[in-house]
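S.K.: Input: one structure, supplied below.
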Ligand SMILES: Nc1ncnc2c1ncn2[C@@H]1O[C@H](COP(=O)(O)OP(=O)(O)OP(=O)(O)O)[C@@H](O)[C@H]1O
Ligand SMILES: [Mg+2]
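This is the structure in structure tokens:
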């Protein structure tokens, strides 16, 4: 599968801006498929803060006026809803069983973000079949046109589901912490994606850093090895500092950006969201155009 294949019929976020400034009728006769910018958040190692980053970025993007869909793609052990104090009646397992449509399953989250919840405790979902992927993604494809951004919260590890969501996103945001095990796993994730699927561009976010310098050190360490051994570019997207308010938010089932907007972590999320919004259209454009055709590769 060529993950770098051009996506002719897809207009991405930055192009949408351009389109909006054109006079009405300029595109008359041209069928334009509009998709949100799709960003997957991934890490290899578990417990490094992916779900918190997704929830807080989602909340922050809403404050910026963006339409946000969050896809909890930790399919067997999803907990994004719990993190945000939500109790959805239905989840993706109902879609996969053909009992519900995605639109019936999506719930409203804080600040007006929309959330597609995952099931918890359903082992079958941890490795979707090709048909199940097709079902989910063809429905998503029809559903997401109205959104500006879709954030995908991936599971820990390098299962076929995780790899699949990553290779079919516009941007892969890799999360690492200063722990050596997390740095090794972030490297392993990029290595697998690069060697197996030719993914060549990653964004790095360092979470739970004691200081901005410590976060930059993590980036430098990783960059040293990726530069030497992998044919990829890794862009430093920034950091989220270690902040007790995040743990407090988890206990209160509230995103820290909602609970304590002035906390240092909340400000870090603001800076990260601004950076993401201002980033250029990725060189590697996949988006959903590849989702249907991705013959995966277990
Ligand atoms: N910047 C931070 N400062 C302090 N604590 C943090 C920070 N980020 C995450 N945590 C703590 O780490 C815990 C794990 O975070 P989270 O559930 O977001 O990780 P995850 O990567 O999604 O885990 P999993 O791989 O299991 O899905 C949180 O419950 C929170 O207590
Ligand atoms: Mg998680």
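Numbering (my numbering), first residue to last: 2 to 299.
Backbone N, C-alpha and C define an ideal beta-carbon position, used for all residues, glycine too.
1) Pull every residue with its beta-carbon under 6 Å away from any heavy atom of ligand 1, and keep them in chain order.
2) Buried or exposed: where does residue 86 fall if 16 or more other Cβ atoms within 10 Å of its Cβ makes it buried?
3) Just to confirm, does residue 92 get its C-beta within under 7 Å of one of the non-hydrogen atoms of ligand 2?
4) When you measure from the CB of residue 154 to every non-hydrogen atom of ligand 2, does any distance come out below 7 Å?
5) Could you check whether residue 232 and residue 279 sit closer than 8 Å to each other, using their CB atoms as the reference points?
6) Compute the minimum distance between the beta carbon of residue 57 and the heavy atoms of ligand 2, and state whether it is under 7 Å.
7) Of all the options 189, 250, 199 and 258, which has the alpha carbon lying nearest to the alpha carbon of residue 46?
8) May I ask you to report which of helix, strand or coil DSSP gives residue 258?
9) Is residue 80 near ligand 2 - that is, is its Cβ less than 7 Å away from at least one heavy atom of it?
10) With H, G and I counted as helix, E and B as strand and the rest as coil, what does DSSP make of residue 180?
11) Do the CB positions of residue 78 and residue 118 come within less than 8 Å of each other?
12) Taking the alpha helix (DSSP H) that residue 91 belongs to, which residues open and close that run?
13) Who are residue 133's beta bridge partners in DSSP?
14) How many Å lie between residue 240 and residue 207 at the Cα?
15) Am I right that residue 57 and residue 258 are in contact with their C-beta atoms under 8 Å? What's the rounded C-beta distance?
16) With a 10 Å radius around its C-beta and 16 neighbouring C-beta atoms as the bar for buried, classify residue 151 as buried or exposed.
17) Within its chain, find whatever has a CB closer than 7 Å to the CB of residue 114; leave out the 5 residues flanking it on each side and keep chain order.
18) In terms of DSSP beta bridges, what is residue 146 paired with?
19) Out of 139, 167 and 253, which has the shortest C-alpha to C-alpha gap to residue 42?
20) Under 8 Å by Cβ, that's how I've got residue 162 and residue 127 pegged, so tell me the actual separation to the nearest angstrom.
21) Within the continuous beta strand (DSSP E) that includes residue 206, where are the two ends?
22) For a quick check, are the C-beta atoms of residue 271 and residue 260 less than 8 Å apart?
23) What residues in its chain sit with their C-beta under 6 Å from that of residue 73, if we drop five residues either side in the sequence?
24) Roughly how many angstroms separate the alpha carbons of residue 106 and residue 122, rounded to a whole number?
M.R.: Reading off the structure:
1) 44, 47, 48, 49, 50, 51, 52, 53, 75, 157, 208, 209, 241, 243, 244, 247, 248, 251 and 266
2) exposed
3) No, Cβ of residue 92 sits at least 7 Å from all heavy atoms of ligand 2.
4) yes
5) no
6) no
7) 189
8) helix
9) yes
10) coil
11) no
12) Where residue 91 is concerned, there is no enclosing alpha helix (DSSP H), given that its DSSP letter is neither H nor E.
13) According to DSSP, which records beta bridges pairwise, residue 133 is partnered with nothing at all.
14) 5 Å
15) Separation of the CB atoms of residue 57 and residue 258 is rounded to 5 Å, and the pair is thereby assigned contact status at 8 Å.
16) buried
17) 59, 60, 63, 69 and 71
18) The partner list for residue 146 (beta bridge, DSSP) is empty, contrary to what the question assumes.
19) 167
20) So it is a contact: roughly 7 Å between Cβ atoms.
21) 202-210
22) no
23) Taken in chain order, the residues that qualify are 79, 81, 118, 119 and 154.
24) About 18 Å.
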